[in-house]
Amino acid sequence: MKIHTELKRIKTMLLGNKIKELREEHGVLQRQLAALLEIDTPMFSKIERGNRYAKRTQVIQLAEYFKIDKNELLTLWLADKILDVVENENELKLAAMAIAQSEMMI
1 MKIHTELKRI KTMLLGNKIK ELREEHGVLQ RQLAALLEID TPMFSKIERG
51 NRYAKRTQVI QLAEYFKIDK NELLTLWLAD KILDVVENEN ELKLAAMAIA
101 QSEMMI
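In terms of our numbering, the sequence shown is residues 1 to 106.
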């Protein structure tokens, strides 16, 4: 079951892709960002690959480090979580998302 969960999370890595892009643009090593977040390098690597979720506070720390709007990264972080929740609901996910969106407009 654990393997299935990790494989499923690989599909939702919007934040991880963005972090990797920023890290490579700035020439920063994974171990440097891991130290910033006070986690080990393998854990950071899992976040970047989409195998683990970063904490909200860690996402904000990364945004501050790269001097970008925190909402840009937080939006990707939240989108990954939403996609992970609805991923296996093929027949219902679009309808559920539409209802959720309409409720947010109220």
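Backbone N, C-alpha and C define an ideal beta-carbon position, used for all residues, glycine too.
For residue i, the three-state DSSP class (helix, strand or coil)
i: V28; result: coil
i: M13; result: coil
i: Y53; result: coil
i: I36; result: Inspection of the sequence shows that residue 36 is occupied by Leu rather than by Ile. Three-state result, L36: helix.
i: L92; result: coil
Under 7 Å between C-beta atoms of residue i and residue j
i: L36; j: V59; result: no
i: L22; j: A79; result: no
i: S45; j: Q61; result: no
Cβ separation of residue i and residue j, assumed to be a contact under 8 Å, to the nearest whole Å
i: E48; j: K20; result: 5 Å
i: E89; j: A96; result: 7 Å
Residue from the options whose Cα sits closest to the Cα of residue i
i: G50; options: L76, V86 and T57; result: L76
i: E128; options: K55, K93 and S102; result: The structure shown does not extend to residue 128, since the chain spans only 1 to 106, so no value can be given for it.
i: K18; options: L94, E87, T41 and D69; result: D69
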